[in-house]
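Participant:
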Amino acid sequence: MVTRSGTNSLHGTAYNFLQNSALNSRDYFDRTGSANPLRQNFFGFTAGGPIKRDRVFAFGGYEGRRTRGSSPVTIGNVPTQAARDSVTDPTVRQILSLLPLPTAPTANPRVGTIAVTAPTPSDSDQFLLRGDAVISSAHTLTLRYFQNIGTSFNRTAGSLPGFDATFDPKGRNAMVAETWVINPRTTNELRLSYGRASALFSPETDPATPRFNVSGLAGFGTVQSWPQGRIFNVYQLNDVASSVRGKHILKAGFDLRYIQDNSVNDSSRRGIFSFNTVDAFLAGQLGSYSQMFGNTYRGFRTTYHGFFVQDDWRVASHLTLNLGLRWELQGGLSEVNQLQSVIDPSLSSAIGNFGTGVLGAFRNDKPSVLANNNLVAPRLGFSWNPGGGRIVVRGGYGIYYDSLIFNGLQAGRYTPPTNYTGSLTAGDIGGANSLANLFAGTSQLQAGGFGTRPNLGSLVSSLPDLRNPYSQHFSLGSQARILPNLVLDLAYVGTRGVALTTYGPGNSVNPARRIAPAFSVEEETARLSQFVAAATAVNGAGNTRLDPRFNDVSLLRDNGSSSYHSLQVGLQKSYSAGLQFQMSYTWSKSIDNASDYSPGQTTNDRSFAQNQFDYRAERGLSSYDIPHRITLSHVWQLPFMRQQRGLAGRVLGGWTFASINQWQNGIPFTVMSGARRGIADVNIDGSGSGALDNVRASCAAGGTGFTFNDPRTIPAPAARGVNVAANTSNFKYVQPLLGNDGTCGRNTERISNLLNFDWTFSKPIRLVERGPLGSGPWNVELRADLLNIFNTPYLFPAGDDYRNLSSAGFGLANSAGAARRIQMALRLTW
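Numbering-wise, the sequence shown is residues 1 to 830 according to the working numbering.
Below is the structure:
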């Protein structure tokens, strides 16, 4: 955190930014004809000055936000009244009572849509205090304290109204630093700091409400990963020494951290009901069910040690080399009460009465995730000026290690022996584990917990010997001064990611026991009962998986990789004649085999690998790949009435017009198969969960593509070969036959492009030349921010229907970015 210090004069700011729905445009999907209610105030102040002149200085500030408004409108699918009237199952009727009725029809008489929005009030406050004391000509002491408090309320946290939640973040940071000027050429800065961040995610609905995922409908119920909360403490000591030695600027230092993460995460404690189709939901035909049992409170501990040396060497007047080396030691992850366990395939011991298997056994000793103590990261850069100041060529290479992701490592909190995730497939549901009993919480699975498990259930775990992910950055570029105030920048920038952390399937069906795939619709029909039986046999005792002691297993691995290459062009005009501008263009390509450590972290990439044994097939465009991006920003002091003479000059003169304008390609997404003939796990390999599963669509040779959110280019499900229908439309994407993987790659389609213009008009007004206490001139600034001034819609999807080939909502947007907003501001500086 970088903050200003006080000075010998009094200085500061006070400001208030206001947004009001009376000045805004309505949301793209809002059918009310007016903008969502909104009143937002963003206000605060800073002040600094001397406590004792030339010796002690203080600086402080406060910032507050108050928002009273509604969430952006999204379009959700819900059952119609006619569909509800057809339901005879009393449990389904009870579940339907949780849902609102639709307000608009669709082509399916059993499904309508509702525009989802609800009040989302939020408050936040931030406080900052800093003091600087000049102890002597050689020593300066700095103290700093920062704190933030916030709370927000979301009535649509569960996708549909009625499933509320609150989010309460808090944080604080304290630091003391001592700067020692050892001699005119050498300085040292020692810092000791403490940081604390806490967050609590709390559902505000009936705590017994589970989560429902129905393919073709908006998800509803309590957010499956809530409630959760954490308190994250970091104790840090670092030191940096700098010395100028002739042509060398030398730096060396260390960074030591002790980290505590005390948390609870009751993910899926209420159970997750998954239905493969709308019709299956209305008929009470549950596709799968999962629920976690046990205590998830954990106290994690780890350490970090980093050491570095650096030399900026001016070899010649036109050449400088930057040489550096960093050595990092990432401590292992331990749980204070040894409640954390991970699966270790290297262990051959038996797990209780369940015996041995290829996944090994659990380890819950300290540390459960091992340390990485030899992370060596060299860095090399250069700056060459061959043109006497008109041209500069720069380049560099470096290795940068990242920390292991705590959220991922904590997955071991859900593993036996302390916890258990029970899961049922369609064949297991019935009798004592009926839909009615599961919904009531009285099923055999829920009542018996550990005692009724046929095996160790589903599992999410990290491996104990994870490597720290790292990236190799490399660049080569040139800057040329075309005119005295105009610079052209041209650069190649690339990155290679290695050992990236990913989640993926770890206990798929044994290839030797996997059912033979279908090769035609006719054969698939003739063998349908075999496929249903095979899909059921993936769970429970004696299942067909690699390790029958478990059901679905998701493992945190270090097998991710990525590459990024880009051409970056910039043109920058420094301020002159009242104008400053900057233009930039980036042409790039990003490829990986997983874009984040866990599905769902990015909205457009929510699935695990399709096939545990074929990670090469996962390599495709990254979920954040943006091939083309153009930005233009400027600051222009309007050229009329700059002298501000007379009344007209005072009102119309002295205005500044600034803007940030951008255009870029839409982010990519993967087309998924969706359930086929009532089977969500289309390739029947036992990996994945929920109605959408992990199986991609197949690509039809010579098929016709589509444009995102253009219904004219998207044939109906029956015309694009969903289930047993023929692909009469010659559509590009089709469902794979049962038992087959999809043949299409990851991220082969894109959502809409982004085009946005943010403009600002501001005018400073001098109040007095000199204020009290030697504070200097006082000015007030009037400002108007016109955000998305041309109200260009940025359409994007929420949920999964848009990428589910079997859904009627395939390829369609149901949410949009913010419409035009106007923000007024008043800022006082002294």
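Just so you know, even glycine gets a beta-carbon here, dropped at the ideal spot from N, CA and C.
How do the segment 609–623 and the segment 583–597 stand: do at least 3 beta-carbon pairs fall below 8 Å, yes or no?
Facilitator: yes
Participant: Please list the segments of the beta strand (DSSP E) lying wholly inside the segment 516–569, counting only runs of 3 or more residues, in order along the chain.
Facilitator: none
Participant: Here's the rule I'm using: 16 or more other beta-carbon atoms within 10 Å means buried, otherwise exposed. How should ILE765 be labelled?
Facilitator: exposed
Participant: Can you have a look at LYS732 and say buried or exposed, based on whether 16 or more other CB atoms are within 10 angstroms of its CB?
Facilitator: buried
Participant: Checking the sheet assignment: what are the DSSP bridge partners for THR187?
Facilitator: VAL181, SER242
Participant: Between the Cα of PHE640 and those of THR656, ILE630, HIS634, spot the shortest distance and give me the residue it belongs to.
Facilitator: Proximity to PHE640 across THR656, ILE630, HIS634 peaks at THR656, based on C-alpha coordinates.
Participant: Which term fits ALA648, buried or exposed, when burial requires 16 or more other beta carbons within 10 angstroms of its beta carbon?
Facilitator: exposed
Participant: According to the neighbour-count rule (16 or more other Cβ atoms, all chains shown, within 10 Å of its Cβ), is PRO464 buried or exposed?
Facilitator: buried
Participant: Expressed to the nearest angstrom, what Euclidean distance is found between the alpha-carbon atoms of ASN262 and ASN437?
Facilitator: Using only the alpha carbons, I get a separation of about 35 Å.
Participant: Per the DSSP calculation, ARG68 is bridged to which residue(s)?
Facilitator: ARG39
Participant: Apply the 10 Å Cβ neighbour rule to ARG821 and answer buried if 16 or more other Cβ atoms are within range, or exposed otherwise.
Facilitator: Under this definition ARG821 is a buried residue.
Participant: Check this for me: beta carbons of SER815 and PHE29, under 9 Å apart or not?
Facilitator: yes
Participant: Return helix, strand or coil for ILE95, following the three-state DSSP convention.
Facilitator: helix
Participant: Around the Cβ of TYR492, are there at least 16 other Cβ atoms within 10 angstroms (buried) or fewer (exposed)?
Facilitator: Looking at its Cβ environment, which holds fewer than 16 other Cβ atoms inside 10 Å, TYR492 is exposed.
Participant: Evaluate contact between the segment 123–135 and the segment 86–99, counting only Cβ atoms and requiring at least three cross-stretch pairs below 8 Å.
Facilitator: no
Participant: Looking at the structure shown, is GLN479 part of a helix, part of a strand, or coil, going by DSSP?
Facilitator: strand
Participant: What residues in its chain sit with their C-beta under 6 Å from that of ALA535, if we drop five residues either side in the sequence?
Facilitator: ILE679, ASP681, ILE684
Participant: In terms of residues, what are the limits of the alpha helix (DSSP H) holding ASP311?
Facilitator: First-last for ASP311: 298–316, but that is the beta strand (DSSP E), not the alpha helix (DSSP H).
Participant: Where does LEU828 sit, in a helix, a strand or coil, going by DSSP?
Facilitator: strand
Participant: What is the residue span of the beta strand (DSSP E) that ASP164 lies within?
Facilitator: That residue, ASP164, is in no beta strand (DSSP E); it is neither H nor E in DSSP.
Participant: With a threshold of 7 Å on Cβ separation, who are the neighbours of THR544 within its own chain once the five nearest residues in sequence on each side are excluded?
Facilitator: VAL509, ASN510, ARG513, ALA537, VAL538
Participant: In angstroms, rounded to a whole number, what distance separates the CA positions of ASN322 and THR166?
Facilitator: 48 Å
Participant: Is the shortest distance between the beta-carbon of ALA177 and the beta-carbons of chain D less than 9 Å?
Facilitator: Protein chain content of the structure displayed is limited to a single chain, and chain D is not contained in it.
Participant: Which word fits GLY451, buried or exposed, when buried means at least 16 other C-beta atoms lie within 10 angstroms of its C-beta?
Facilitator: Here the model assigns GLY451 a pLDDT of 49, short of 50, so the residue's position is not dependable, and the following value carries that caveat. Answer is exposed; the Cβ neighbour count stays below 16.
Participant: By the three-class DSSP mapping on this structure, what secondary structure does GLY451 have?
Facilitator: Because the pLDDT of GLY451 is 49, which lies under 50, any placement of that residue in the model is unreliable, and the number read from its coordinates should be weighed accordingly. GLY451: helix per DSSP, three-state reduction.
Participant: Determine the contact status of LEU99 and PHE273, defining contact as a CB-CB distance below 9 Å.
Facilitator: Contact check for LEU99 against PHE273 fails: the beta carbons are separated by 9 Å or more.
Participant: I want to know whether the segment 296–310 touches the segment 271–285 - three or more CB-CB distances under 8 Å.
Facilitator: no
Participant: Can you give me the Cβ contacts of ALA617 inside the same chain, cut-off strictly under 7 Å, excluding the 5 residues immediately before and after it?
Facilitator: GLN610, ASN611
Participant: Within 10 angstroms of its Cβ, does VAL27 collect 16 or more other Cβ (buried), or is it exposed?
Facilitator: It is worth fixing the name first, because residue 27 is Asp in this sequence and not Val. Classification for ASP27: buried.
Participant: What residue does the alpha helix (DSSP H) around ASN262 start on, and which one ends it?
Facilitator: In the DSSP assignment, ASN262 falls outside any alpha helix (DSSP H) and lies within the beta strand (DSSP E) extending over 248–265.
Participant: GLN610 lies in the alpha helix (DSSP H); which residues open and close that run?
Facilitator: Neither: GLN610 is in no alpha helix (DSSP H) and is coded neither H nor E.
Participant: Across the segment 480–494 and the segment 565–579, are there enough close Cβ pairs to call them in contact, namely three or more that are closer than 8 Å?
Facilitator: By the Cβ criterion, the segment 480–494 is in contact with the segment 565–579, since at least three pairs of Cβ atoms, one from each stretch, lie closer than 8 Å.
Participant: Mind reading off the beta-carbon distance from GLY666 to TYR564? Whole number of angstroms is fine, and I expect it under 8 Å.
Facilitator: Between TYR564 and GLY666 the Cβ distance is about 18 Å, and since that is not below 8 Å, they are no contact.
Participant: Find out if the Cβ-Cβ distance for the pair HIS11, GLY48 is shorter than 9 Å.
Facilitator: yes
Participant: Am I right that VAL369 and LEU409 are in contact with their C-beta atoms under 8 Å? What's the rounded C-beta distance?
Facilitator: 6 Å
Participant: Going by CA-CA distance only, name the one from ILE626, PHE581, GLY705 that's closest to SER659.
Facilitator: PHE581
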